Amino acid sequence: MREEAERLLQIQDDFERFRAATRLLVDLDDLILEISRIRNESASRMQIISVAPPVRSDDALPDDARAVLDCIRRTGTQRFRRRDVFRRLARRFKTVAAMVPALDLLEAAGYIRKVEPNTEPGQPGRRRSPEYEVRL
């Protein structure tokens with residue numbers, strides 16, 4: 001690069017020097033674009049490899065947890081309340097307390113995440129059913 005710049009300074013004709021400098025800048029722009037493309041492709045591949053979630057097997061889950069997971073997948077929602085899942089699976093679970101261990105297991109396995117309620121104290125009525133975020 002320095003040799004090219006020194007060669008440009010040795011050209012006496014201003015018009016010829018301008019043309020040579022312009023050609024050199026175009027070549028440098030092409031080189032910079034190619035280097036940037038290669039860099040972006042490499043960065044993209046590194047993110048895909050490092051961010052890929054671990055492979056989870058639904059077969060390793062107990063039947064109750066698998067039933068809850070299937071229910072969540074069927075609804076296709078990104079957030080749900082414990083009450084909604086219980087209503088859909090009321091024939092399987094006789095009480096909400098019987099379903100809670102399955103939800104806890106799914107949360108520990110990383111399938112769902114409990115969302116903290118943003119309620120203010122002193123609101124009338126019962127507390128809302130816990131809400132979960134789907135992380136499939």
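Each residue of the sequence shown is one higher than the one before, counting from 1 in full-length UniProt numbering. Ideal placement from N, C-alpha and C gives every residue a C-beta, glycine not left out. Here the structure is a predicted model, which is why all the values come from computation and not from measurement.
When DSSP states are grouped into helix, strand and coil, E133 belongs to the strand group.
In this structure, E107 is the residue among D58, E107, D63, A60 with its C-alpha nearest to the C-alpha of R82.
Contact between F86 and F80 does not hold, since the beta-carbon distance rounds to 10 Å and is not under 8 Å. According to DSSP, I112 shares a beta bridge with V134.
The Cβ atoms of D58 and A102 lie no closer than 8 Å to each other.
Each of I11, I72, Q78, V26 was checked against the Cα of R88, and the nearest Cα belongs to I72.
The three-state reading of DSSP puts R39 in helix, counting H, G and I together. Here R91 carries a coil assignment [DSSP, helix/strand/coil]. Rounded to the nearest angstrom, the gap between the Cα atoms of R23 and G76 is 56 Å. Judged by DSSP secondary structure, R7 falls within the alpha helix (DSSP H) whose first and last residues are 2-10. Assigned with DSSP and collapsed to three states, R128 falls in coil, not helix or strand. DSSP links R79 through a beta bridge to E133.
In the structure shown, the three-state DSSP call for L25 is helix.
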